[in-house]
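As given, the protein sequences belong to chains A and B, one line each in that order.
Everything in the first sequence is counted per the numbering used here, starting at 5 for the first residue and increasing by one.
Everything in the second sequence is counted per the numbering used here, starting at 5 for the first residue and increasing by one.
We put the CB at the ideal spot given by N, CA and C, even for glycine.
Okay, structure first, notes after.
There are 2 protein chains.
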Amino acid sequence: MKKIDTSTEEKIKEAARIVFYKKGFAATRTRDIAEEAGINLALLNYYFRSKAKLFEMIMIETMAGFFQNLMMVLNDKNTSIDEKVMEVVGKYIDLIIKEPEIPTFIISELRNNPNLLLQKIPLKEVIETSEFLKQHQEAVKNGSMKEPNPLHFLINILGLTVFPFIAKPMLLGSSKLNDKEFEKMMLERKKLIPMWIKAAMSVG
Amino acid sequence: MKKIDTSTEEKIKEAARIVFYKKGFAATRTRDIAEEAGINLALLNYYFRSKAKLFEMIMIETMAGFFQNLMMVLNDKNTSIDEKVMEVVGKYIDLIIKEPEIPTFIISELRNNPNLLLQKIPLKEVIETSEFLKQHQEAVKNGSMKEPNPLHFLINILGLTVFPFIAKPMLLGSSKLNDKEFEKMMLERKKLIPMWIKAAMSVG
DNA sequence: GTCTATAACGTGATAGAC
DNA sequence: GTCTATCACGTTATAGAC
């Protein structure tokens with residue numbers, strides 16, 4: 005039940021999101037945002053003091069939204085580790101298909117601002133005390149999980165899930181794939197990745 | 005036997021590479037490059053007409069160098085498919101450890117120039133006619149390879165290999181890892197990824 | 001080839017009318 | 001709150017002396 009806010013302030017923010025996602029901070033002009041929002045350039049500064057402030061707001065919201073899913077799933081006490089893998093993979097593939105520019109946006113913009121993440125999102129604390137970590141340790145102990153380092157495990161899940169979207173321009177450039185076929189492949193991966201992960205993490 | 009060229013032209017190009025890799029096209033100032041090269045700003049335009057021309061040169065060289073490894077390995081008629089996986093993983097992990105900014109640079113800059121890749125590098129043609137593709141088809145036929153789509157296979161290899169470097173700021177932000185430990189983990193993956201891939205691609 | 005000085009332009013931000 | 005007009009500044013690129 006999300007209230008649709010069509011106020012000028014919200015219109016500017018949504019326009020900023022679109023343009024920043026597509027071009028990044030350095031390459032976007034405040035005029036681009038104003039045009040996208042259908043408003044006057046002066047209004048941008050009236051509502052949001054500066055381009056930098058507006059950007060930081062979008063950046064933090066985007067990262068928080070993106071990592072919230074991960075943190076919630078990893079901390080769910082009612083799911084097994086296999087179910088957590090399925091949830092993470094499924095949720096992120098759906099999310100990124102809906103908003104394909106987010107992963108590249110985060111990666112590109114984090115390059116110029118590497119500490120923005122740590123300051124605003126308690127990713128480290130959440131993961132270190134997570135249910136996921138406990139379940140992984142348990143699985144290592146009973147032998148069903150061969151890889152002892154949970155970070156390798158997490159990297160593999162996210163790499164298999166997120167990487168193809170980041171590398172999409174290269175994949176389309178190196179095959180006959182079109183956009184629709186690409187999306188179909190990504191949906192296939194919702195089932196494939198958990199299976200691959202299970203097989204891979206059981207060897208060693 | 006590479007000739008060391010310390011001409012002004014080469015100094016500018018190397019400086020441009022450093023600054024572009026770090027900040028991207030839009031965020032770098034020609035003054036940054038001139039300062040990095042220890043030369044006067046006017047010389048940049050004397051040797052390379054414009055910022056855009058200089059950038060395009062760096063970009064194309066970088067992508068060509070990056071994908072050349074892949075194309076060579078995938079076309080080697082003297083290695084098995086398992087050996088190809090080992091070679092790709094090993095080569096890229098070593099390469100990216102040496103030049104850590106390249107993957108994020110390519111991804112970020114390709115966003116504004118998605119067709120630069122296709123025009124200048126025959127990635128599609130090489131892969132479509134590659135020895136790798138034939139060997140994959142053969143392995144599917146004899147049952148040792150369960151995943152019938154070679155693109156899934158390729159995505160998985162590259163995702164497991166390249167993704168952690170792209171996501172490094174996030175990984176360091178979500179764990180106690182420092183730079184040295186990160187590199188150690190990446191070197192571990194040279195052995196782990198081929199093993200994981202073999203296990204994963206044998207199920208289905 | 002290399003420099004200094006400066007032109008030409010684009011961009012972020014603001015003043016002030018309405 | 002919203003607009004037009006404009007400022008102030010940074011940036012790319014070039015002219016011209018050496």
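Chain B contact residues for residue i, given Cβ-Cβ distances below 8 Å
{"i": "A/L122", "result": "G177"}
{"i": "A/P168", "result": "I159, G163"}
C-beta neighbour in chain A for residue i, strict 8 Å
{"i": "B/H140", "result": "no"}
{"i": "B/I111", "result": "yes"}
{"i": "B/G28", "result": "yes"}
{"i": "B/M189", "result": "yes"}
Under 8 Å by beta carbon: chain A residues contacting residue i
{"i": "B/K128", "result": "G177, S178, S179, K180"}
{"i": "B/L196", "result": "E151, H156, G208"}
{"i": "B/L114", "result": "P173, M174"}
{"i": "B/T108", "result": "I111, S112, R115"}
Contact check, residue i vs residue j, beta carbons under 8 Å
{"i": "B/S179", "j": "A/L162", "result": "no"}
{"i": "A/F109", "j": "A/T66", "result": "yes"}
{"i": "A/F131", "j": "A/K194", "result": "Sequence check: residue 131 of chain A is Ile here, not Phe. No, they are not a contact pair."}
{"i": "B/I100", "j": "B/V166", "result": "yes"}
{"i": "B/V89", "j": "B/L74", "result": "no"}
{"i": "A/L114", "j": "A/L122", "result": "no"}
{"i": "B/L48", "j": "B/I64", "result": "no"}
{"i": "A/P168", "j": "B/I159", "result": "yes"}
{"i": "A/R21", "j": "A/I62", "result": "yes"}
{"i": "B/F52", "j": "B/L58", "result": "yes"}
{"i": "A/T83", "j": "A/I43", "result": "no"}
{"i": "A/L164", "j": "A/I111", "result": "no"}
Min CB distance residue i to chain B below 8 Å
{"i": "A/K55", "result": "no"}
{"i": "A/N49", "result": "no"}
{"i": "A/I131", "result": "yes"}
{"i": "A/P118", "result": "yes"}
{"i": "A/A31", "result": "yes"}
{"i": "A/F24", "result": "no"}
Of the listed residues the options, nearest to residue i (C-alpha basis)
{"i": "A/Y50", "options": "A/K17, A/S148, A/L127", "result": "A/K17"}
{"i": "A/P126", "options": "B/L176, B/G42, B/P107, B/P198", "result": "B/L176"}
{"i": "B/K81", "options": "B/L45, B/K27, B/L137, B/I43", "result": "B/L137"}
{"i": "A/E192", "options": "A/K15, A/G94, A/T34", "result": "A/G94"}
{"i": "A/A56", "options": "A/R33, A/I43, A/F70", "result": "A/R33"}
{"i": "B/A41", "options": "B/E142, B/E14, B/S148, B/P173", "result": "B/E14"}
Under 9 Å from the C-beta of residue i: neighbouring residues of chain A
{"i": "B/M76", "result": "Ordered by position in chain A, no residue passes the 9 Å Cβ test against B/M76, which lies about 15 Å from the chain."}
{"i": "B/A20", "result": "In chain order: nothing, as chain A lies at least about 16 Å away."}
Within chain A, the residues that residue i reaches when beta carbons sit closer than 7 Å
{"i": "B/A204", "result": "W200, A203, A204"}
At which residue ranges does the region 119–193 of chain A contain complete alpha helix (DSSP H) runs of 4 or more residues, listed in the order of the chain?
120–124, 127–132, 135–146, 154–170, 172–177
Report the residue ranges of all alpha helix (DSSP H) runs contained in full by the region 21–55 of chain B; include only those spanning at least 4 residues, in chain order.
34–41, 45–52
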